[in-house]
Structures are given as C-alpha cells and as structure tokens.
Amino acid sequence: MNTISFARGVPAAELLAVEQLADCAKTAIERDGASVLLYGHTLGYQPLREWIGERHGVDPGRVVVTNGSLQAFHFVLSAFAGAGRVIVERPTYDRPRSILSGFDEVPVDDDGLELDELERLLDSVEPPAFLYTIPTFQNPTGVTLSEERRRDLAELAKIRSLRILEDDPYGLVRFEGDVLPTLFELEGGRNVMYSSSFSKTIAPGLRVGYVILPEAIAAGLEDVVASTYITPALVTQATVLEFLRRGLLEPNLERVRALLRARRDAMLEALERELGGRAGWSRPEGGYFLWLELPDGIDATELLGRATEAGVTFVPGPDFGGEPGSARLAFSFASPAEIDEGVSRLAGLVPAAATVELG
Ligand SMILES: Cc1ncc(COP(=O)(O)O)c(C=O)c1O
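Under this note's numbering, the first residue of the sequence shown carries the number 30, and numbering increases by one thereafter.
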C-alpha cells in the first residue's frame, strides 16, 4: 500500500514548470556567464534585487535575496540578537519554533493573530526583538488575518514601535476571495519587515527567497551574510529572473492555483463526507494547509502512529505549538484521488461515536 502524505508541505511534481525552468536556466547561464558563475553581490543577484524592489516599491538596497526565506529568518534574527525575545503565533511554522531558543506566544483564531492577546503580552513583557507573523494562509492553520486586524496591527506597529517580520510565502497562492493588503503595505515598511519566497510560486528547490528591511539593517547584514555563504546561489536567482522577465510567473500562478484548489476541494469534500459533525477544520482560501481539530479525547500524536500503519501521514498539532487534538493536513502534495483515499483511511481510525466541541 502506498503511503499518502498529508505531512509534506511541498508541491506535487506536476506543479513544477520543469521545461520552462530548464530553458530559463540555460539562457541565464549563457547570457550572464561569468557574472553568475563567479561570486557576486553578498546580498543577492543585483538585477533580481532590482526586480523585487520595483515590485514592492522600495529601493533595491533594502532587498536581501537569500537561499530560501528560512535563511532570511536567520539573518533577521542575527540583526536583532540581544534585542529581546521574539513573539510568535500559536500555533506557528515549526522551524522558527525550533530555531528560537526562547519565545513568547500569541494565539491565532479563525481571523488570525488575536490582537487583544498581543497587546496584553506587550504590556507584560520586555520589548520584543520582533513579532514573527504569517498573516496569509498561515502555516500550519491555513488561516488568514482579517483586513480589520491587519489595519489594527499596522497601526499598533506604528504606535508602539513594534517591529514585525511578516512572512508571506503563500500570499500569491490564493484560489478565491479578495486579495488583502499586506502589513508591509499598510504600515509603510518602517517597522514591518517583509519576507517572501519563490518556493511556493515557482519551485522550492531553486532556494530563492528574500526579505525587505530598512536600508541600514540590510547593509549591516553584509558581514554575517558573507560569513555564511559569501554569495547566495546566483545561477538560480538569475534563472528566477529570466522566468519573471519572460512573463511566466502569472501563468504559472494560474496553473498552480488551479491544481492546488482542486486538492483543497478534494480534502474539504472528503472531510465533510467522512468526519462531518465529528471533527472541525479550517477552510483556507489558498496556500498549502488546513488545520484539523480531532474529536474530543483523540490525541493527534497517538493517532499518527496508527495512521502511519494505515498508510496516511500528517503532522500533529503540538509540533507547531497546537493542542494535542489538532493536526496539520497538507493538501499540496497528494493528488485529489489520493487525498480522497487518505482522508477515508484517517477517518477510519476515528471512533464513529466521537464528537468535537466546535468553537
Ligand atoms: C511560513 C513559511 N515560511 C518560510 C518557509 C521557508 O521557505 P523557503 O526557505 O523555501 O523560502 C516556509 C516553508 O514551508 C513556510 O511555510
């Protein structure tokens, strides 16, 4: 029996534009030759920094292009070392949780970060280094910060001089609903730093992500970046730029959105059929993940053991700081037919009489 993975937060192979990327890579190397095959600018391939700067309406000197946006998180951390603890969402992306030696947490509900809780925390702790938030199609819950809360959080950032790192790798992967302004746009990019990535919009193996910082902070990172990798991987940055210049991003996004939407729909339909009334789950308008609240008394970590034997995997909620009865289901990797089968396998392990207290 094939194991069906709802654990892997990666795109299925059919989401990748292999031929187009191969052609872009060839052009990039042939055209840019020595400039991408030697060491280059520490903070990234200059023409790509310019493209990103133009897209976000900022000076390219503020853009640091990194080997994936997780690397950008490390650099931002190093810029604020000793400046206090980081505040994260609960639950949040598991890697920052494991990277940070200590952090404070603010819960997330169906509308994203709970701002009252954030204010309460800010009143009771030393000023934080920054707030790390994923406002759009959050990893792991799939939840999106409402427009009202975005405006309030941007205002709060101004009033309280609260530094924020807005991590936004999924924003462009929207299947439906209105596009919402980013915190970075609302606040003007003074206290809000913005990171994103081409991992979910083109391909993760390219390892091209970026962060937009105040100019002095970006420039101040040159030493730590040089000591980390001298120069980031320029060939893939030039490949991404070629992809962008050929106008391939928008058609690629259309394709990726359609494929992911079909997967999300398959998961929602199967959950309704198999666990309707017995469990709860988020209904994301984009991204890779949804959040499952298991019936009362069912422990996700224990369930995972049995699920793995039954041929389906997921990540238990506690890995992200979530409740014992919660789980992250990724719909990005399995096909719609596999998703249907995987949800049946999972539901078969949940006692029929179980119910969940829905909030
Ligand atoms: C919220 C979030 N941030 C950052 C990353 C890292 O992405 P990358 O390093 O591939 O740009 C991921 C990857 O899954 C993610 O979910």
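Where is the CB? At the ideal position from N, CA and C, for every residue including glycine.
Taken through DSSP and simplified to helix, strand or coil, G82 comes out as helix. Shortest Cα-Cα distance from S226 to any of R119, R335, E195 involves E195. Taking 8 Å as the cut-off, the beta carbon of L142 is found no closer than this to the beta carbon of E176. The segment 189-256 is shown to contain whole beta strand (DSSP E) runs of 3 or more residues at 193-196, 221-226, 238-241, in chain order. By the neighbour-count definition (other C-beta atoms within 10 Å, threshold 16), M30 is an exposed residue. Between the C-alpha atoms of R189 and P157 there is a straight-line separation of about 11 Å. Taking 8 Å as the cut-off, the beta carbon of G73 is found closer than this to the beta carbon of V93. Not one heavy atom of ligand 1 is found less than 7 Å from the C-beta of L277. Distance between L288 and I327, taken at the CA atoms: about 32 Å. A contact is defined here as three or more CB-CB pairs under 8 Å, and the segment 248-266 meets this definition with respect to the segment 58-70. Secondary structure at A359: strand, using DSSP grouped into helix, strand and coil. For R302, the three-state secondary structure derived from DSSP is helix. Looking from the CA of P365, the closest CA among L297, E352, L209 belongs to L297. By the criterion of a C-beta distance shorter than 8 Å, T260 is surrounded in its chain by Y68, G69, H70, T71, once the five residues flanking it on both sides are discounted.
Judged by DSSP in its simplified three-state form, E143 adopts coil rather than helix or strand. In chain order, the residues with a C-beta atom nearer than 6 Å to some heavy atom of ligand 1 are G38, G97, S98, L99, Y122, I163, N168, D196, P198, S226, S228, P233, G238. Under the Cβ criterion (8 Å, minimum of three pairs), the segment 275-286 does not count as touching the segment 349-369. Going by beta carbons, F166 and G309 fall outside the 8 Å limit.
DSSP places L319 within a strand segment (E or B) once states are collapsed to three.
Straight-line measurement puts the Cα of I246 at about 30 Å from the Cα of A57. Within the same chain, and ignoring the five residues on either side of G218 in sequence, the residues whose Cβ sits closer than 7 Å to its Cβ are V87, I241.
In the displayed model, L67 falls within coil according to three-state DSSP, outside both helix and strand.
Its Cα nearest to that of L150, the residue D133 stands out among D133, M222, T162, D139.
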